[in-house]
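A short write-up of the structure that comes next.
Residue numbers (my numbering): 9 to 657.
In structure tokens, the structure reads:
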């Protein structure tokens with residue numbers, strides 16, 4: 009079997025049509041590197057893919073032509089066999105009473121071939137939400153300014169935002185990803201490039217809310233300087249906040265109090281092995297100061313024996329416990345935000361973002377070396393806006409590894425995101441169906457699409473969504489694979505509709521009744537211009553000054569502004585300020601609407617400009633107005649009028 013034929017049998021698409029309509033074929037060198045980076049696989053002979061059984065529609069599974077009858081099958085649960093049988097024709101009919109969950113399916117045929125794969129029993133759909141239509145305020149938490157925070161927004165600020173949103177009639181607050189980054193690389197601040205998607209960014213902790221912490225004079229003086237800055241000084245913030253966390257931990261160890269210690273132990277039991285491994289990983293990473301694939305053999309793979317040894321050692325036991333203390337503190341404070349939202353009767357509470365991948369030298373990639381391919385970067389093929397293609401520098405899941413692990417890494421990621429959320433958004437949801445992967449050392453145009461077990465991932469998403477009563481929104485912007493939205497929506501996963509993109513071939517904006525009901529609707533995203541920046545052409549000017557083609561001419565922008573006026577007038581709206589646009593979006597059928605804080609404050613600069621790293625202050629801008637003065641900086645009466653038909657009463 010030649011290289012290209014082998015790739016096709018393993019779900020690697022060796023050619024594709026790019027965004028400009030050009031046919032591209034992956035080079036043999038790049039294709040070989042992709043195959044080498046994936047777990048060893050044997051082409052299947054009996055069933056082509058994991059089995060998915062939905063509670064209300066149990067369909068038979070068709071056998072491959074290579075299967076030799078009869079085929080024996082057995083479903084294995086956590087402790088014992090759940091069902092077994094024998095197929096004498098070309099399909100297997102499944103019993104109706106299998107319990108929900110992920111089980112192992114063992115198969116063998118008359119030729120002696122055998123294989124094992126996951127079998128998922130899932131709810132009919134993901135959690136649908138217990139509201140008709142609502143809206144949330146979207147905020148970049150790091151950029152929140154207050155009279156008391158330490159130069160970066162924190163979880164106490166989030167409580168203030170929740171109360172403010174409640175006062176406006178909103179049902180929640182939407183946030184940037186809260187994933188943990190690298191504490192020793194604070195300048196690498198993109199929330200979409202995490203160390204791990206399983207734990208929280210400690211810089212969002214309000215250290216003064218820790219009972220054992222005492223603020224000293226030196227720290228107080230430093231904080232006064234940090235609060236005045238217009239950009240988050242991550243290096244300075246990290247230095248003072250980590251020092252304070254160490255101080256709080258030392259005081260906790262000295263006199264934790266029975267209730268506090270019991271709560272800490274409860275959290276450690278809840279998070280179990282994952283928390284223990286993460287803490288050990290962080291301690292070893294700091295001690296060795298090198299990528300985990302260069303570590304000594306004892307630590308190159310996760311090992312419970314090695315972790316137990318580290319936890320007992322006199323020089324490392326406290327360091328491990330400190331990492332766990334920090335994560336407990338972050339989880340406790342975020343949980344308090346969720347509790348406040350529920351107490352206020354908000355029907356969403358927190359709406360959180362989930363990044364599409366992780367840094368290859370971070371915890372998740374070390375902990376899941378089968379399911380995450382560190383040698384492959386997630387990206388996008390060439391298109392008119394980026395003719396070279398994109399490599400986002402992130403490692404993602406691979407299909408073979410997820411199947412071998414029974415989709416546990418994917419489910420753990422979702423559970424961590426949903427732990428305190430009423431809704432989550434999966435960034436680049438197309439990755440559930442196929443990922444564009446670029447091998448390390450190759451340019452982004454030399455990648456290939458690798459198919460994912462789409463139906464099984466949707467089933468796992470529905471399982472976690474129902475278990476956590478959490479709405480799931482799939483970010484489905486861009487070139488949509490055929491049938492993708494229909495299949496995703498069929499599982500109850502909502503679409504993500506951005507008004508700036510919802511235009512026909514003549515550039516006209518879609519009418520309000522065009523928008524799907526099961527969707528989140530918004531005017532823009534963190535990667536797009538703010539409304540004020542869009543109207544003033546500021547985004548075009550900024551990109552051109554950075555040497556980036558904005559993909560739009562000034563004439564094109566004038567045309568778009570005219571088309572916006574047209575659609576607003578068609579709906580009886582005769583002004584075009586941001587509140588007017590919000591009023592238009594509020595009329596759509598889409599069940600959730602997000603309104604960004606940057607737009608409410610009339611800011612010109614957007615949080616992030618894709619394609620830049622150091623050329624622009626991405627993920628650093630602080631709001632010009634503190635929480636204490638938001639009410640006077642926003643036209644609250646206009647906002648309430650615009651959102652009244654979907655506001656909580």
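Ideal placement from N, C-alpha and C gives every residue a C-beta, glycine not left out. No experiment lies behind these values; they were computed from the predicted model shown.
Looking only at C-alpha atoms, which of the options sits nearest to residue i?
{"i": "residue 403", "options": "429, 375 and 342", "result": "375"}
{"i": "residue 565", "options": "502, 543 and 147", "result": "543"}
{"i": "residue 457", "options": "387, 505 and 55", "result": "387"}
{"i": "residue 276", "options": "336, 228, 347 and 317", "result": "336"}
{"i": "residue 84", "options": "266, 106, 293 and 152", "result": "106"}
{"i": "residue 383", "options": "455, 234, 413 and 323", "result": "455"}
{"i": "residue 157", "options": "219, 180, 284 and 248", "result": "248"}
{"i": "residue 240", "options": "452, 159 and 434", "result": "159"}
{"i": "residue 101", "options": "175, 348 and 61", "result": "61"}
{"i": "residue 68", "options": "104, 49 and 87", "result": "104"}
{"i": "residue 152", "options": "23, 604, 592 and 540", "result": "604"}
{"i": "residue 527", "options": "465, 485, 552 and 173", "result": "485"}
{"i": "residue 471", "options": "17, 115, 87 and 136", "result": "136"}
{"i": "residue 535", "options": "518, 513 and 509", "result": "509"}
{"i": "residue 450", "options": "401, 440, 474 and 443", "result": "401"}
{"i": "residue 318", "options": "293, 334, 298 and 340", "result": "293"}
Can you tell me whether DSSP reads residue i as helix, strand or coil?
{"i": "residue 133", "result": "coil"}
{"i": "residue 376", "result": "coil"}
{"i": "residue 416", "result": "helix"}
{"i": "residue 495", "result": "helix"}
{"i": "residue 582", "result": "coil"}
{"i": "residue 635", "result": "helix"}
{"i": "residue 36", "result": "helix"}
{"i": "residue 21", "result": "strand"}
{"i": "residue 222", "result": "coil"}
{"i": "residue 623", "result": "coil"}
{"i": "residue 197", "result": "coil"}
{"i": "residue 446", "result": "strand"}
{"i": "residue 478", "result": "coil"}
{"i": "residue 394", "result": "strand"}
{"i": "residue 452", "result": "helix"}
{"i": "residue 66", "result": "coil"}
{"i": "residue 577", "result": "helix"}
{"i": "residue 316", "result": "helix"}
{"i": "residue 441", "result": "coil"}
{"i": "residue 529", "result": "strand"}
{"i": "residue 280", "result": "helix"}
{"i": "residue 160", "result": "coil"}
{"i": "residue 294", "result": "helix"}
{"i": "residue 587", "result": "helix"}
{"i": "residue 354", "result": "coil"}
{"i": "residue 171", "result": "helix"}
{"i": "residue 608", "result": "helix"}
{"i": "residue 700", "result": "The requested residue 700 is not part of the displayed model; the chain covers only 9 to 657."}
{"i": "residue 188", "result": "strand"}
{"i": "residue 523", "result": "coil"}
With a 10 Å radius around its C-beta and 16 neighbouring C-beta atoms as the bar for buried, classify residue i as buried or exposed.
{"i": "residue 487", "result": "exposed"}
{"i": "residue 332", "result": "buried"}
{"i": "residue 652", "result": "exposed"}
{"i": "residue 590", "result": "buried"}
{"i": "residue 5", "result": "The displayed coordinates of the chain run from 9 to 657. Any statement about residue 5 would go beyond what the structure contains."}
{"i": "residue 503", "result": "buried"}
{"i": "residue 460", "result": "buried"}
{"i": "residue 176", "result": "buried"}
{"i": "residue 22", "result": "buried"}
{"i": "residue 51", "result": "exposed"}
{"i": "residue 144", "result": "buried"}
{"i": "residue 25", "result": "exposed"}
Rounded to whole angstroms, how far is the Cβ of residue i from the Cβ of residue j, which I believe are closer than 8 Å?
{"i": "residue 601", "j": "residue 529", "result": "5 Å"}
{"i": "residue 418", "j": "residue 492", "result": "The Cβ separation is near 18 Å, so there is no contact."}
{"i": "residue 147", "j": "residue 181", "result": "6 Å"}
{"i": "residue 525", "j": "residue 598", "result": "6 Å"}
{"i": "residue 58", "j": "residue 127", "result": "7 Å"}
{"i": "residue 123", "j": "residue 31", "result": "Actually they are not in contact, since the Cβ atoms of residue 123 and residue 31 sit about 34 Å apart, beyond 8 Å."}
Three-pair Cβ contact test at 8 Å for the stretch 205–215 versus the stretch 173–191 = In short, these stretches touch, since the Cβ pair count reaches three.
query = Does the count of Cβ pairs from the stretch 161–172 and the stretch 543–553 closer than 8 Å reach three?
reply = The stretch 161–172, when compared against the stretch 543–553, does not touch it at the 8 Å Cβ threshold.
query = So, do the stretch 421–431 and the stretch 464–478 have three or more beta carbon pairs nearer to each other than 8 Å?
reply = They touch, by the three-pair rule.
query = Counting pairs of Cβ atoms below 8 Å between the stretch 620–631 and the stretch 169–179, do you hit three or more?
reply = Using a Cβ-Cβ distance cut-off of 8 Å, the stretch 620–631 and the stretch 169–179 are not in contact, since fewer than three pairs of beta carbons, one from each stretch, lie closer than that value.
task = May I ask you to verify whether the stretch 28–36 touches the stretch 69–86, counting CB pairs closer than 8 Å and requiring at least 3?
result = The count of Cβ pairs closer than 8 Å, one atom from the stretch 28–36 and one from the stretch 69–86, stays below three, leaving the stretches out of contact.
ask   = Does the pairing of the stretch 254–268 with the stretch 286–303 give three or more beta-carbon distances under 8 Å?
value = Contact between the stretch 254–268 and the stretch 286–303 is absent: fewer than three C-beta pairs spanning the two stretches fall below 8 Å.
task = Kindly confirm or deny that the stretch 218–234 and the stretch 302–311 touch, where touching means at least three C-beta pairs closer than 8 Å.
result = Judged by Cβ distances under 8 Å, the stretch 218–234 makes no contact with the stretch 302–311, as fewer than three pairs qualify.
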